[in-house]
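See structure below.
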Amino acid sequence: MTDDHPLDELAVYALDALDDDERQMVEAHLLRCPACTAIVDEHRSTLAALTDDEPPPPAVWQRIAAQTGAADVPTPLAVMPSAPAAPPPPALPGSQRGTGPAVGAPAPPTHLRPRRTEPSRRWVAISGVAAAVALVVGGVVGAAIAASDDEPANLAQLAAAAMEQPGASVATLATGDGRDAARVVTDGSTGYIVLDDLPTLPAGQAYQLWTLDGPDPVSLGVIGDGGQQVATVGIPAGTSRFALSTEPSAGSVAPTGDIVASNAG
Amino acid sequence: MAAATHDGTSDAGLAAAVARQDGRALAEIYRRYGGAVWSLARRVLRDDHLAEEVCQTVFCDFWANPGRFDAERGSLRSWLLAQAHGRSVDTVRSEEARRRRDERDGRYAATPGLESDVESTIQELDLADHVRRALDMLVPDERNPIVLAYFGGRSYRDTAAALGQPEGTVKSRIRSGLGKLRRALEAEGVTP
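Each protein sequence line maps, in turn, to chains A and B. If you use the working numbering, the first sequence closes out at 265, no skipped numbers anywhere. If you use the working numbering, the second sequence closes out at 192, no skipped numbers anywhere.
Right, dumping it as structure tokens:
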């Protein structure tokens with residue numbers, strides 16, 4: 001089936017029912033054959049029509065929100081409140097004003113941050129260290145947010161501009177041997193993570209940002225594999241201690257990988 | 001209460017917003033397709049706990065790697081369901097590897113009663129009426145391998161063994177069955 005179009009295998013592939021060897025051959029073929037790619041897409045759309053909707057348990061979204069850092073967004077299968085049209089004005093340091101994207105939505109209670117695995121001993125040790133860096137984040141950023149569907153602005157420029165805002169704060173995260181590796185920036189409405197000196201991770205891994213302010217690390221979101229230098233993140237007001245770890249690309253509910261950088265000691 | 005800012009956004013617009021790590025866009029995508037992803041994972045896995053894990057993984061993976069969805073290649077719903085199916089099948093196979101030859105395997109052993117087994121499987125799946133009617137328009141030789149492979153998470157070799165049919169025959173019947181299923185769904189007013 002190397003030269004011909006593997007039509008039978010395309011259908012079985014769409015059912016995820018091929019052997020590994022055959023699947024790899026089909027995938028290699030698909031890379032250079034748009035016609036067969038279109039056939040697989042058509043099979044998939046046929047199969048998708050077999051499935052109808054069924055409301056998932058609310059806990060599913062709560063875990064997704066906690067893991068992605070979209071935690072201020074309420075369960076989306078309920079009616080969602082509207083977002084403010086404009087970013088909120090810079091907040092006073094330490095303000096607990098709740099002007100995230102979901103107006104009036106309470107901060108997620110701690111029971112929405114389930115932990116499947118116990119944090120490693122290193123994490124317990126680190127979260128016990130007193131904050132070494134005085135950093136106050138103004139306002140609530142809430143879920144990572146881009147205010148519109150306009151052309152995406154260059155995130156590096158946005159982060160650089162954010163640092164110039166009055167009331168902006170920057171936390172520098174250092175590696176274990178004291179090298180500055182990343183910065184968490186907020187201008188009071190939007191938060192950014194800037195990876196200054198971190199390697200791109202192998203496939204299947206991603207950096208994940210955590211806050212260590214509470215008794216346990218709480219996810220602020222999966223950042224990606226480091227290929228992109230700047231990402232937006234949601235930084236709740238008052239967050240001061242951060243850490244980055246390497247995790248499986250889907251993220252973890254509690255840190256499982258090595259801490260690569262932190263400002264918490 | 002006003003609706004969310006993203007409720008009128010196209011799927012492609014939402015996917016682009018997720019690429020900018022817009023949490024509200026992810027929430028809107030979940031609102032639209034979380035139910036379908038959950039429903040498919042649950043049907044394939046027949047286990048709510050495992051289905052929850054698959055559902056969570058599909059959306060978290062999409063958040064971490066939104067570039068894997070290509071709006072040129074089809075709908076976001078179809079793509080998310082393909083991810084959910086692949087994950088569910090992986091889970092089924094690893095569960096199977098863990099407890100090989102359990103009674104669930106025995107259930108599909110090649111026996112004269114298999115056809116009624118597949119029929120009862122279709123009953124248990126509790127499919128929408130129009131989906132059931134579309135499946136009914138296929139001959140059993142085409143319907144059975146699709147149901148066993150797609151909803152049962154079985155490989156085509158496993159399916160062929162269960163049906164007592166040659167593997168090559170099962171492959172080509174899956175292909176012809178999918179083509180007919182598409183036309184049957186269109187006849188039911190669904191445009192896949």
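Here a beta-carbon is modelled for each residue, glycine too, at the ideal position from N, C-alpha and C. If you're wondering where the values come from, they're calculated on a predicted model, not measured in any experiment.
In angstroms with no decimal places, state the Cα-to-Cα distance between residue i and residue j.
i, j, result
"residue 11 (chain A)", "residue 257 (chain A)", "39 Å"
"residue 164 (chain A)", "residue 172 (chain A)", "16 Å"
"residue 185 (chain B)", "residue 138 (chain B)", "11 Å"
"residue 131 (chain B)", "residue 154 (chain A)", "45 Å"
"residue 58 (chain B)", "residue 238 (chain A)", "31 Å"
"residue 134 (chain B)", "residue 66 (chain A)", "40 Å"
"residue 74 (chain B)", "residue 22 (chain B)", "22 Å"
"residue 190 (chain A)", "residue 178 (chain A)", "27 Å"
"residue 267 (chain A)", "residue 14 (chain A)", "Since the first residue shown for chain A is 1 and the last is 265, residue 267 (chain A) is missing from the structure and cannot be characterised."
"residue 7 (chain B)", "residue 178 (chain B)", "33 Å"
"residue 46 (chain A)", "residue 155 (chain B)", "19 Å"
"residue 18 (chain A)", "residue 62 (chain B)", "24 Å"
"residue 153 (chain B)", "residue 183 (chain A)", "45 Å"
"residue 283 (chain A)", "residue 70 (chain A)", "Outside the modelled stretch of chain A, which goes from 1 to 265, sits residue 283 (chain A), for which no answer is possible."
"residue 250 (chain A)", "residue 40 (chain B)", "20 Å"
"residue 259 (chain A)", "residue 12 (chain B)", "35 Å"
"residue 194 (chain B)", "residue 248 (chain A)", "Since the first and last residues shown for chain B are 1 and 192, residue 194 (chain B) lies out of range."
"residue 77 (chain B)", "residue 48 (chain A)", "7 Å"
"residue 63 (chain A)", "residue 60 (chain B)", "9 Å"
"residue 92 (chain B)", "residue 159 (chain B)", "14 Å"
"residue 90 (chain B)", "residue 174 (chain B)", "20 Å"
"residue 118 (chain B)", "residue 144 (chain B)", "6 Å"
"residue 33 (chain A)", "residue 8 (chain A)", "15 Å"
"residue 170 (chain B)", "residue 199 (chain A)", "47 Å"
"residue 40 (chain A)", "residue 88 (chain B)", "19 Å"
"residue 68 (chain A)", "residue 222 (chain A)", "6 Å"
"residue 42 (chain A)", "residue 81 (chain B)", "13 Å"
With 8 Å as the threshold, decide whether the Cβ of residue i is near any Cβ in chain A.
i, result
"residue 192 (chain B)", "yes"
"residue 69 (chain B)", "no"
"residue 57 (chain B)", "yes"
"residue 121 (chain B)", "no"
"residue 142 (chain B)", "no"
"residue 52 (chain B)", "yes"
"residue 136 (chain B)", "no"
"residue 61 (chain B)", "yes"
"residue 164 (chain B)", "no"
"residue 149 (chain B)", "yes"
"residue 8 (chain B)", "no"
"residue 15 (chain B)", "no"
"residue 127 (chain B)", "yes"
Checking contacts by CB at 8 Å: is residue i closer than that to chain B?
i, result
"residue 227 (chain A)", "no"
"residue 262 (chain A)", "no"
"residue 240 (chain A)", "no"
"residue 4 (chain A)", "no"
"residue 190 (chain A)", "no"
"residue 194 (chain A)", "no"
"residue 246 (chain A)", "no"
"residue 44 (chain A)", "yes"
"residue 52 (chain A)", "yes"
"residue 222 (chain A)", "yes"
"residue 219 (chain A)", "no"
"residue 7 (chain A)", "yes"
"residue 47 (chain A)", "yes"
"residue 37 (chain A)", "yes"
"residue 70 (chain A)", "yes"
"residue 187 (chain A)", "no"
"residue 232 (chain A)", "yes"
"residue 204 (chain A)", "no"
"residue 251 (chain A)", "yes"
"residue 41 (chain A)", "yes"
Tell me, please, which residues DSSP counts as bridged to residue i.
i, result
"residue 211 (chain A)", "A:218 and A:242"
"residue 248 (chain A)", "A:205"
"residue 233 (chain A)", "A:191"
"residue 262 (chain A)", "A:174 and A:243"
"residue 224 (chain A)", "A:207"
**Asked** If you measure beta-carbon to beta-carbon, which residues of the region 9–32 of chain A are closer than 8 Å to chain B?
**Response** Those would be 9, 10, 11, 12, 14, 15, 16, 17, 18 and 19, in chain order.
**Asked** What residues in the region 55–68 of chain A have a beta carbon less than 8 Å from any beta carbon of chain B?
**Response** Here the close residues are 55, 56, 57, 59, 60, 61, 63, 64, 65, 67 and 68.
**Request:** Select from the region 169–191 of chain B all residues with a C-beta closer than 7 Å to any C-beta belonging to chain A, and list them in chain order.
**Result:** Going along the region 169–191 of chain B in chain order, one finds 171, 172, 174, 175, 178, 181, 182, 185 and 190 with a Cβ nearer than 7 Å to chain A.
**Message:** Under 7 Å, CB to CB, which of the residues in the region 73–95 of chain B have a partner in chain A?
**Reply:** If the cut-off is 7 Å between Cβ atoms, the region 73–95 of chain B has 73, 74, 75, 77, 78, 81, 82, 85, 86 and 89 near chain A.
**Item:** Contained beta strand (DSSP E) runs [length at least 3] in the region 154–193 of chain A, N- to C-terminal order
**Value:** When DSSP assignments are scanned along the region 154–193 of chain A, the uninterrupted stretches of beta strand (DSSP E) that are 3 or more residues long and fall wholly within it turn out to be 169–174 and 180–186.
**Unbroken stretches of the beta strand (DSSP E), 3 residues or longer, contained in the region 125–168 of chain B** = Segments of the beta strand (DSSP E) lying fully in the region 125–168 of chain B: there are none.
**Message:** Closer than 7 Å between beta carbons: that is the criterion. Which residues of the region 25–36 of chain B meet it against chain A?
**Reply:** Within the region 25–36 of chain B, the residues whose Cβ lies closer than 7 Å to some Cβ of chain A are 26, 27, 28, 30, 31, 34, 35 and 36, listed in chain order.
**Prompt:** Considering only residues of the region 46–95 of chain B, which uninterrupted alpha helix (DSSP H) runs meet the minimum length of 4 residues and lie entirely inside it, listed in chain order?
**Reply:** 48–64, all fully within the region 46–95 of chain B.
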